[in-house]
Amino acid sequence: ARDETQAGARLLDALAGELPQIADYLKLWSLEALATVPSGLTGTAPRRLDSPADGDPVQAERISGAPAVTVGRGAAETLYADLLALGPSPALLRAADRARADLYMQSRDPARARPILAGLVGRSSRRDRPALLMQLALLDERLGQPERGRDGLRRIVEHHPESTEALALLEGSQGSGMRLALSARDGARVLAAHGRVEEAVAALTPTSDPRLLELRADILLRSDRYAEAAVAYAEAAAAYAEAAAAHPEAAPADGEAVTRGGDRDRLAFEEAKAWTRAGEPGRAREIYRRLARENESASGGTLAYLLADAFQDESRDPAFGDSAAGWFRRFADSARGSSLGRRGLLRLAHLRFGRGEWAVSEELFREYLRLYPGGEDVREARYWRARALQQAGRPDEARSIFASLLQGSEGYYSLLARRRLGGSPDAAVAALFGQAGEGPGALSSPAPTDVQRGSPVPDVLPDSPAARPLARARALLILGEVGWARREMDEAVRLAGRSRAELQRVAAWALEGLYPESAFRVGAALLPGSAENRDLATLAYPRAFAPLVLSEAGEAGVPPSLLWAIMRQESSFDPAVRSPAGALGLLQLMPATARSEAARGRVTSFELSDLERPEANLHLGAAHLRDLADSLGGSWVAAIAAYNAGQAVTRVWLGFPEAANPETFVERIPFRETRHYVKQVVSNRARYQDLYGLP
């Protein structure tokens, strides 16, 4: 009968003006509990206290390889006094406002949460802003103002294009409303991520919403139930066609991106691909031929690209390869100037290269560079034009282009070009991708060096704006308050601003304190455009959790450089990060994957929360990566692709003619996200190998 949440919100309101003057850390956790530090320091690297004071000290478990720390009550009291003296914490005040807003959203007066959330939007980092705007949009709909909520979603899409969640919600909430569309879709996704496929499918049945029908098909496909997925895609296609007939004004423009089309033909392609995976390629080819007949007079657009893509999938048959080339040419001409038009021309050039038509391929890459000199794939086109020249017997021209690729940022194509310029170029490029060894223990890992354990840490200048949050972070880290220390580290990085010297000081301390995610962000921001600087490079490519990584890599038979490369790409070394899809921890393991590895005897017991512990996440993740490589012919590059896109679809890609060579296989990966992911991981791994001499 009592509205306790509203009472709690009023209490926080009353305290809001006093938060800077009180040790709010003491309000949230008792001094005695923190002073005895029961456990939970796993994964932290606090600096050593010179002499723990009176009280019963507790030994903290450490995974960093540095000496363990003990914290007594007297030391804790001193640290809390230091925290009080440091004054207001902007990060803490933002957290308190989030708590107030959350409480009001659960109370009888949710409207009081809106001004708090709106104020937080302007005070938060770009990284946190999309989530706040999403919360505002959902609140507006709840308050009876759905159009204002949809305006908020449009704002996210406009200013934060990386937030695919907002785009999906904006498109999927037309009829049923945001909260209903979000709950049905997200509920099914969460169930599927936990391996509860039947419940996920049931959550989406019955429905006439074409987007939910498509999600049901996607879930069935990812669960390797290909024939059922094919039927489900056909149902979704019919629902889209019905919706398009009812709302012709919403039809996508010709040439619009494939992922935004949502029409019958797009789903027909998904149906065909599902039939191929179900072992019925004849049904897939019939769909492709039907679509080609129905659209023979089409000038191009999305459909032409999809047909070219489908025919290239079957290009082991020369007739299908010819059809793919014809459709790519038609599409590249008709959609010239669009992003897909650029991609279509590049795909055509790669197709000709894969068929050994070196001169034609070189001309096509040159055409691309002439038409799109500022395109996002210019370095790709330059590299492959050089490869075509090399194959065509024009080595001097090829070497000139390879040398030019070494200028500027050190990316994927720079790495390839550097190896092409050395001796035995084919062997050097093959070594970049690598093959799996003979199993656990096959790879020897070097012992941690002094560099791994950290160099002397320069003090942040007292008058630096970053000094106060950094001091808070130090104290909280010693007390084992990992989450709050991380917030203060983020605040220190933000306040250090554009001062390279201050940023490097903050980052060096972050690395010493085993906050590699903060060090990584600083190093990654400062390294581009700098002269080759080993200190910055080691910040941007830290050997986080080195003893654990080296141990797990050796046990699983996975190169330690590959574990760090994937960790850098997946989590930026944050052990507590959780993705919108439900992936957890350093290696971003999905719950179903982790449970599967645990069930194979990898661990004696397993709870989902274990994935936030570095030792558990690395143990299961390394085993999973090795399993992927073993099941995919020992190819690390295929294992990397499967880590991102899934094992089933990667097996399909390994059936493409281009899969015979890892270099061409990467370019042939159909999913843009996965293609980019593989290139990034391969580049990351090469940097770790070059910096530290790792396998």
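Residue numbers (this note's numbering): 375 to 1069. Using N, Cα and C, we set each Cβ at its ideal position, and we do this for glycine too.
* Unbroken alpha helix (DSSP H) runs of length 4 or more, entirely within the stretch 961-1002: which are they? -> Segments of the alpha helix (DSSP H) lying fully in the stretch 961-1002: 965-971.
* **Per DSSP, cross-strand counterpart(s) of Leu958** => The partner list for Leu958 (beta bridge, DSSP) reads Arg952 and Leu963.
* Rounded to a whole number of angstroms, what is the C-alpha to C-alpha distance between Pro520 and Ala576? -> Rounded to the nearest whole angstrom, the CA to CA distance from Pro520 to Ala576 is 28 Å.
* Asked: For Ser697, which beta-bridge partners are listed by DSSP?
  -> For Ser697, DSSP records no beta bridge to any residue.
* Given Leu738, which residues of its chain have a CB within under 8 Å of its CB, disregarding the five upstream and five downstream residues? -> Take Leu738, set aside five residues on each side of it, and the residues of its chain with a beta-carbon closer than 8 Å to its own are Leu719, Leu722, Ala723 and Arg726, in chain order.
* Buried or exposed: Thr579, going by 16 or more other Cβ atoms within 10 Å of its Cβ? -> By the 10 Å Cβ count, Thr579 comes out exposed.
* Nearest-angstrom Cα distance between Arg585 and Ala996? -> Approximately 35 Å, taken between the alpha carbons.
* Give a yes or no on whether the C-beta atoms belonging to Tyr679 and Leu641 are separated by under 7 Å. => At the C-beta level, Tyr679 and Leu641 stay beyond 7 Å of one another.
* Within the chosen definition, does the stretch 941-950 reach the stretch 967-981 through at least 3 CB pairs nearer than 8 Å? -> Counting Cβ pairs under 8 Å, fewer than three are found: no touch.
* Leu494 versus Arg861 - alpha carbon distance -> Leu494 and Arg861: Cα-Cα distance of roughly 15 Å.
* How should Arg987 be labelled, buried or exposed, when 16 other C-beta atoms within 10 angstroms of its C-beta is the threshold for buried? -> Result: buried.
* When you compare each of Ala955, Glu731 and Arg759 to Tyr352 by their alpha carbons, which one comes out closest? -> The chain is shown from 375 up to 1069; residue 352 falls before or after that span and cannot be answered.
* Is Ser798 helix, strand or coil when you go by DSSP? -> When DSSP states are grouped into helix, strand and coil, Ser798 belongs to the coil group.
* For Tyr1051, which option in Arg942, Ser1009 and Val1026 has the closest C-alpha, if you only look at C-alpha atoms? -> Of the candidates Arg942, Ser1009 and Val1026, the one whose C-alpha sits nearest the C-alpha of Tyr1051 is Arg942.
* Please state whether DSSP places Gln809 in a helix, a strand or coil. => Look at Gln809 here: in three-state DSSP terms it is strand.
* Which same chain residues, not among the five before or five after Leu1006, have their C-beta less than 8 Å away from its C-beta? -> Contacts found: Ala1012, Ala1013, Ala1016, Gln1021, Thr1024, Arg1025 and Leu1028.
* From Arg488, Ala465, Pro464 and Gly656, pick the residue whose C-alpha is nearest to that of Ala475; which is it? -> Per the Cα distances, Arg488.
* To do: With Gly493 as the anchor, note down where its alpha helix (DSSP H) starts and where it stops.
  => Boundaries of the alpha helix (DSSP H) around Gly493: Ala487 to Arg497.
* To do: Determine the extent of the alpha helix (DSSP H) in which Tyr1015 is found, giving its start and end residues.
  => A quick correction: the sequence has Ala, not Tyr, at residue 1015. Counting along the chain, the unbroken alpha helix (DSSP H) around Ala1015 starts and ends at Trp1010 to Ala1019.
* **Close Cβ partners of Arg792 (< 7 Å) along its chain, the five nearest in sequence each way excluded** => Excluding its 5 nearest sequence neighbours in each direction, Arg792 has C-beta neighbours in its own chain below 7 Å: Leu780, listed in chain order.
* Asked: Contact check, Gly785 vs Ser1057 under 8 Å by CB: the rounded distance?
  -> Their Cβ separation, rounded to whole angstroms, is 6 Å, which keeps Gly785 and Ser1057 in contact under 8 Å.
* Nearest to Phe1039 by alpha carbon, out of Phe807, Leu869, Ser582 and Leu922? -> Distance from the Cα of Phe1039 is smallest, within the candidate group Phe807, Leu869, Ser582 and Leu922, for Phe807.
* Asked: What residue from Gly931, Gln962 and Tyr1062 has the CA that sits closest to Asp1001's CA?
  -> For Asp1001, the nearest C-alpha among the options comes from Gly931.
* Asked: Cβ atoms of Leu507 and Gly526: under 7 Å apart, would you say?
  -> Going by C-beta atoms, Gly526 is nearer than 7 Å to Leu507.
* Compare the C-alpha of Ala332 against each of Ala574, Ala591, Ala802 and Gly518 and name the closest. => With the chain covering only 375 through 1069, there is no way to say anything about residue 332.
* Do you know how far the Cα of Pro933 is from the Cα of Leu922? -> If you take the alpha carbons of Leu922 and Pro933, they lie about 13 Å apart.
* On the premise that Arg486 lies in contact with Tyr478, defined as a C-beta separation below 8 Å, what is that separation, rounded to the nearest angstrom? -> The Cβ separation is near 5 Å, so the contact holds.
* To do: Please state if the CB of Ala666 and the CB of Leu681 are separated by a distance shorter than 7 Å.
  => Between Leu681 and Ala666, the gap from beta carbon to beta carbon is short of 7 Å.
* Asked: Which two residues bound the contiguous alpha helix (DSSP H) that contains Gln943?
  -> Per DSSP, Gln943 belongs to the alpha helix (DSSP H) from Pro934 to Ser945.
* alpha helix (DSSP H) containing Ala591: first to last residue? -> Run containing Ala591: Pro584 to Arg596, per the alpha helix (DSSP H) assignment.
* Around the C-beta of Glu435, are 16 or more other C-beta atoms found within 10 angstroms, so that it is buried, or is it exposed? -> Confidence at Glu435 is low in this model, with a pLDDT of 29, below 50, so its placement is unreliable and no value can be given for it.
* Asked: Thinking just about the alpha-carbon of each residue, which of Thr1048, Asp1004, Leu937 and Asn1018 is nearest to the one in His993?
  -> When each option's Cα is compared against that of His993, the closest is Leu937.
* Thr581 (DSSP reduced to helix, strand or coil) -> The answer is coil: DSSP assigns Thr581 none of H, G, I, E or B.
* Roughly how many whole angstroms lie between the Cα atoms of Leu512 and Gln480? -> Distance between the alpha carbons of Leu512 and Gln480: 13 Å.
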